[in-house]
Each structure stands twice: as C-alpha cells, then as structure tokens.
Amino acid sequence: MIIKNTIFDDHIHALPNPENTTRVQLPNGITLLTRPNFNSPTLSIKGYLNGGSLFDPEDKLGLSYLTAFGLMTGTANHDFQSLYNQIESIGASLRFSSSTLRTSFSAHCLSEDLDLILSLLADCLRSPSFPEKEFNRQKNQMLTALAIRAQDTGAMANLLFDQIVYCGHPYQHPEEGYTETVQAIQRDDLPDFYQRIYGPKDMALAIVGAVEPQLAADAVQQYFGDWENPSQNPLPIIESIEPLANPTEKRLNIPGKYQADIVMGCLAPDRHSPDFHALRLGNNILGEFGMMGRLGQRVREVAGLAYYVGSSLSISLGPGAWEIIAGVNPENIDQTIALITDEVVNFVSHPVTEQELSDSKSFFLGRMPLMLDSNSDVAASLINIERFNLGLDYFLRYPQLVQEITREDIFEASRRYLDPERLAIAVAGP
Numbered sequence: 000m001i002i003k004n005t006i007f008d009d010h011i012h013a014l015p016n017p018e019n020t021t022r023v024q025l026p027n028g029i030t031l032l033t034r035p036n037f038n039s040p041t042l043s044i045k046g047y048l049n050g051g052s053l054f055d056p057e058d059k060l061g062l063s064y065l066t067a068f069g070l071m072t073g074t075a076n077h078d079f080q081s082l083y084n085q086i087e088s089i090g091a092s093l094r095f096s097s098s099t100l101r102t103s104f105s106a107h108c109l110s111e112d113l114d115l116i117l118s119l120l121a122d123c124l125r126s127p128s129f130p131e132k133e134f135n136r137q138k139n140q141m142l143t144a145l146a147i148r149a150q151d152t153g154a155m156a157n158l159l160f161d162q163i164v165y166c167g168h169p170y171q172h173p174e175e176g177y178t179e180t181v182q183a184i185q186r187d188d189l190p191d192f193y194q195r196i197y198g199p200k201d202m203a204l205a206i207v208g209a210v211e212p213q214l215a216a217d218a219v220q221q222y223f224g225d226w227e228n229p230s231q232n233p234l235p236i237i238e239s240i241e242p243l244a245n246p247t248e249k250r251l252n253i254p255g256k257y258q259a260d261i262v263m264g265c266l267a268p269d270r271h272s273p274d275f276h277a278l279r280l281g282n283n284i285l286g287e288f289g290m291m292g293r294l295g296q297r298v299r300e301v302a303g304l305a306y307y308v309g310s311s312l313s314i315s316l317g318p319g320a321w322e323i324i325a326g327v328n329p330e331n332i333d334q335t336i337a338l339i340t341d342e343v344v345n346f347v348s349h350p351v352t353e354q355e356l357s358d359s360k361s362f363f364l365g366r367m368p369l370m371l372d373s374n375s376d377v378a379a380s381l382i383n384i385e386r387f388n389l390g391l392d393y394f395l396r397y398p399q400l401v402q403e404i405t406r407e408d409i410f411e412a413s414r415r416y417l418d419p420e421r422l423a424i425a426v427a428g429p
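Using numbering that gives the first Met the number 0, the first residue of the sequence shown is number 0, and each one after it goes up by one.
Structure, rendered in structure tokens:
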C-alpha cells in the first residue's frame with residue numbers, strides 16, 4: 000500500500016541530505032556535520048563522545064554521570080562562576096549529559112558567537128578540573144535525586160524491568176547508579192575516568208544554522224584539531240543477550256503511594272535490525288497512535304483500568320527493549336496485567352488491519368517534517384544519523400523504508416520479539 004503524503008513530498012528536498020549537508024572528519028577522529036540555514040541568525044550544536052555508564056566500574060556505578068555533569072564545574076581556564084558568566088553574557092546555553100554509551104553535549108548561540116561557544120565547549124571537554132567543592136555539591140545532589148527516585152513508582156518499575164529483561168548484562172544498571180555505588184565515588188575518580196575514557200576518537204558534532212560549512216570546519220579544527228588522548232579506551236563490545244525462557248514477574252513495595260506502575264515487555268533488536276521499521280509501525284499501532292493505540296482503547300477507554308497505558312520501543316546499539324507501561328489503582332494490578340497480556344496475545348496472533356497500517360504510515364510520514372522544524376531538531380537528527388551510520392541520504396530513503404512495510408512484515412517481526420509466554424513484568428507501588 001502506497002500512502003501519498005503531500006506535506007512530506009513538498010519538503011523532502013529541504014530535509015538534510017548529501018546536497019545540503021557537509022560531513023568532514025578531522026585526522027584525530029572527530030566527525031563534523033554542518034547544515035547551513037540562514038533563515039535564523041542562530042546556531043544549534045549537538046554532539047557526543049565516548050563516556051557512558053557502560054564504562055563504569057561495578058562498584059562505582061554513576062561515575063560517568065558525575066563526570067559528565069562535572070565538566071562545567073571548572074576548567075583549567077575558568078572556575079564555575081566565570082564559565083557560566085561567559086555563557087550567560089551572550090545569551091547562549093551549553094549542557095552536558097550522560098547515557099549508557101555516550102556523553103552528549105548541546106549548545107545554542109548566535110552565529111556571531113560560534114568561536115566563543117566552541118572555545119568554552121573545548122575548554123570543558125579538554126581541560127576539566129573537577130574542583131572538590133563542586134564535586135561534593137553535585138554528589139550530594141545526585142544522592143538526593145536517587146532518594147527521590149526510590150519513592151517514584153514509575154522510575155522504580157522501569158529500573159526493576161531492566162533488571163529482569165537485561166539480567167546479567169551491563170544494561171541492567173541505571174545510568175545514575177545506586178545510592179551505595181554513588182557514595183563510593185570520590186573526587187579523584189572523576190579525573191581518572193576522564194583520562195581513560197574521554198578523547199577525540201569517535202566524537203561527533205553537528206552544527207546547524209547561520210554558518211558556512213568551511214567556517215564551521217575551520218573553527219572546529221582550531222579548537223579541537225590538536226586534541227589527542229593516546230590512552231583513550233575504545234567503546235566496549237556490547238554483548239548480545241538471550242530472551243527470557245519463561246514469564247518473569249517482580250514486585251517492589253513502596254508504602255504510602257496511591258498508584259502502582261507496571262512495566263511489561265521483552266527484548267528488542269538493535270537499530271541496525273532489518274525489523275526496525277516494521278517494529279516501529281507495529282508498536283505505534285499497539286500502544287502509541289491516537290489515544291495510545293490498541294492498548295489505550297482496550298485497557299483505558301473500554302475497561303477503565305489505567306490512568307495511562309501505552310508502549311514504546313527503546314532501540315539503540317546492542318539489545319533494546321519493547322516496553323508496555325501502565326499506571327493503575329493498586330487494586331487493579333492483576334486485572335490490568337491480564338488484560339495487557341491478552342492484548343499482546345491478540346496482537347501476535349493476527350496481522351494488523353489495512354486501516355491501522357495506513358494510519359500508522361501516514362502518521363510517520365506526516366510528522367517527519369515537523370520533527371525537523373528547528374535547527375536543534377536537525378542537529379539532533381544528524382547526530383543520530385552519524386551514531387547509527389545511516390548515511391546522509393537517510394531522509395531521502397525514509398519514505399520508501401516506511402512505504403514498503405506490509406501487514407505481514409509487522410506480524411512476523413512482532414512474533415519474533417513480543418512473546419506473551421516470555422514477558423518480563425515489573426510492578427512498583429503500595
């Protein structure tokens with residue numbers, strides 16, 4: 000079935016593609032993607048480098064998280080306050096974050112301030128000082144956040160789900176670590192982690208906005224071109240993991256709450272799987288489209304069992320997860336789990352309808368131009384293209400990738416992964 004989407008067709012050649020996006024690689028391994036857009040005088044910068052929780056020692060989980068957030072607490076050239084004063088003086092922003100595999104950064108500024116923002120970004124990435132006072136403050140803030148997390152039924156259900164579905168795999172651990180592992184982290188652990196993990200190899204950044212590609216390349220070369228770290232560790236090999244052999248359920252009691260959160264699901268493939276687009280369309284039908292797809296209609300609208308219900312695909316490098324989430328009255332936990340399981344059985348027993356497939360394709364094609372509406376959106380998309388090695392022609396190929404998916408593709412792909420006899424079930428609540 001071919002779905003015509005006039006909005007997408009009209010905008011497709013304005014989307015990032017090899018004709019309007021420049022990709023260059025510096026000799027030290029840094030990749031730069033530049034997409035000019037002179038409709039606004041601003042620039043958005045997004046990027047990543049190695050430095051996620053996959054590198055954390057088992058007894059100091061959360062170290063990568065603290066290291067990433069410590070990058071802006073002081074450098075060889077700026078203390079905490081002067082760094083923020085410079086950023087605020089030009090109305091710009093600069094932020095760092097940590098995930099499972101990467102440390103990410105983002106910046107926003109006027110095009111005339113590109114040199115300054117890149118110099119500050121380079122200072123944070125190349126010369127962090129991790130002052131003791133700021134480390135202690137951030138560590139205490141993180142411990143407070145972990146104490147709050149322990150009382151959050153949604154967060155704890157997700158954590159419990161990961162421990163079930165990724166049992167024995169590094170992905171079972173939260174990026175922020177646990178109270179006891181964060182307590183074990185000392186200030187000297189941060190520069191040690193930084194020296195082993197951070198460096199230019201496999202780093203990527205995208206600059207989108209009012210700048211010529213050559214000017215952007217010259218600026219990046221100026222501030223990052225001579226960065227080297229011979230001791231930089233490579234990204235660890237991400238091991239595969241076997242699906243559960245049987246349904247596995249765990250419950251965590253959190254007294255004093257009025258809502259229970261449920262997370263159910265199974266393993267999903269990585270981003271390079273040929274099933275990726277079929278699973279995205281299938282998940283949209285199961286628990287996203289409209290009022291959260293079939294699950295929303297049956298569990299929330301008809302049965303009235305859930306405050307919210309839906310599904311999502313978490314797919315990156317290495318094993319992913321297909322998750323179904325629901326927030327319910329604690330008295331409705333068992334009934335909700337049974338109804339969700341029944342809907343999963345139905346979903347993998349019969350192909351989706353032609354109308355569901357048509358609606359889902361129209362949704363994915365129609366929202367693509369809207370998802371690339373700003374410089375920040377385009378920069379984020381370019382970084383994802385680089386991260387997963389999709390090619391600069393990805394958006395030109397995207398309509399075909401969606402259009403060629405059939406009902407049978409969704410049916411077969413869903414049956415490969417979503418097995419109602421091997422679901423992980425996590426519940427947190429009173």
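Glycine is no exception: its CB is placed at the ideal position from the N, C-alpha and C atoms.
{"Item": "Among residues of its own chain, excluding the 5 on either side of G292, which ones have a beta-carbon nearer than 6 Å to its beta-carbon?", "Value": "I284, L285 and G286"}
{"Item": "Would DSSP call H123 helix, strand or coil?", "Value": "The sequence shown places Cys at residue 123, not His. Here C123 sits in helix by DSSP."}
{"Item": "Can you name, in chain order, every residue of its own chain whose Cβ lies under 8 Å from the Cβ of N232, other than the five neighbours on each side?", "Value": "N49, F54, R195 and I196"}
{"Item": "Of the residues S357, F95, N383 and F346, which one's Cα is nearest the Cα of Y416?", "Value": "F346"}
{"Item": "How is the alpha helix (DSSP H) around I196 delimited, first residue to last?", "Value": "D188 to I196"}
{"Item": "With respect to the alpha helix (DSSP H) encompassing I284, which residues constitute its N-terminal and C-terminal limits?", "Value": "F275 to G286"}
{"Item": "I want to see whether chain B comes within less than 7 Å of V23, judged by CB atoms only; does it?", "Value": "The structure shown contains no chain B; it holds only a single protein chain."}
{"Item": "Below 8 Å, can you find three or more Cβ-Cβ pairs linking the region 176 to 187 to the region 135 to 149?", "Value": "yes"}
{"Item": "Which value, in whole angstroms, describes the spacing of the CA atoms of T41 and C108?", "Value": "6 Å"}
{"Item": "Taking the alpha carbon of D78 as the reference point, which residue from P130, Y47 and I86 has its own alpha carbon closest?", "Value": "P130"}
{"Item": "For the putative contact between L117 and Y193, defined by C-beta atoms under 8 Å, what is the C-beta separation to the nearest angstrom?", "Value": "Rounded, the Cβ-Cβ distance is 20 Å, inconsistent with contact."}
{"Item": "CA-CA distance, S425 and K249?", "Value": "Residue 425 is actually Ala in this sequence, not Ser. C-alpha separation (whole angstroms): 5 Å."}
{"Item": "To which residues does DSSP link A215 through a beta bridge?", "Value": "DSSP lists no partner for A215."}
{"Item": "CB D274 to CB A149, shorter than 7 Å?", "Value": "no"}
{"Item": "Within a Cβ cutoff of 8 Å, which residues of the same chain sit near L338, ignoring the five residues on either side of it in sequence?", "Value": "R297, V298, A302 and L304"}
{"Item": "With 16 other CB atoms within 10 Å as the buried threshold, where does M155 fall?", "Value": "buried"}
{"Item": "Quick one: which unbroken beta strand (DSSP E) runs of 3-plus residues sit fully inside the region 294 to 332? Chain order, please.", "Value": "305 to 313 and 319 to 327"}
{"Item": "Going by DSSP in three states, T180 sits in which element: helix, strand or coil?", "Value": "helix"}
{"Item": "Measure how close the beta-carbons of F394 and L14 come, nearest whole angstrom, since I'm counting them as under 8 Å.", "Value": "4 Å"}
{"Item": "DSSP on Q231, reduced to helix/strand/coil?", "Value": "coil"}
{"Item": "For T66 and A203, what's the separation of their Cα atoms in angstroms?", "Value": "19 Å"}
{"Item": "Tell me the rounded alpha-carbon separation between N374 and L124.", "Value": "23 Å"}
{"Item": "So, using beta-carbon positions, are F68 and Q137 closer together than 7 Å?", "Value": "yes"}
{"Item": "Quick check on the DSSP output: the beta strand (DSSP E) that includes L25 runs from which residue to which?", "Value": "Per DSSP, L25 belongs to no beta strand (DSSP E) and is neither H nor E."}
{"Item": "On the criterion of 16 or more Cβ atoms from any shown chain inside 10 Å, does T352 qualify as buried, or is it exposed?", "Value": "exposed"}
{"Item": "Just curious, the beta strand (DSSP E) that V262 is in, first and last residue?", "Value": "A259 to A267"}
{"Item": "I think N16 touches L391, with their Cβ atoms under 8 Å apart; what is that distance to the nearest whole Å?", "Value": "6 Å"}
{"Item": "State the Cα-Cα distance for the pair M367 and A75, rounded to the nearest angstrom.", "Value": "42 Å"}
{"Item": "What is the DSSP secondary structure of L389, counted as helix, strand or coil?", "Value": "coil"}
{"Item": "Let me confirm a value: S43 is counted as buried when at least 16 other C-beta atoms fall within 10 Å, else exposed. Which label applies?", "Value": "buried"}
{"Item": "Just tell me which of L120, I89, G90 and D114 has its CA closest to the CA of S103.", "Value": "L120"}
{"Item": "Does DSSP put A75 in a helix, a strand or coil?", "Value": "coil"}
{"Item": "Assuming T41 is part of the beta strand (DSSP E), what are its boundary residues?", "Value": "T41 to N49"}
{"Item": "Please report the straight-line C-alpha distance between L266 and H168, rounded to a whole angstrom.", "Value": "12 Å"}
{"Item": "Using DSSP with H/G/I as helix, E/B as strand and the rest coil, what is I424?", "Value": "strand"}
{"Item": "Helix or strand or just coil, what does DSSP make of A205?", "Value": "strand"}
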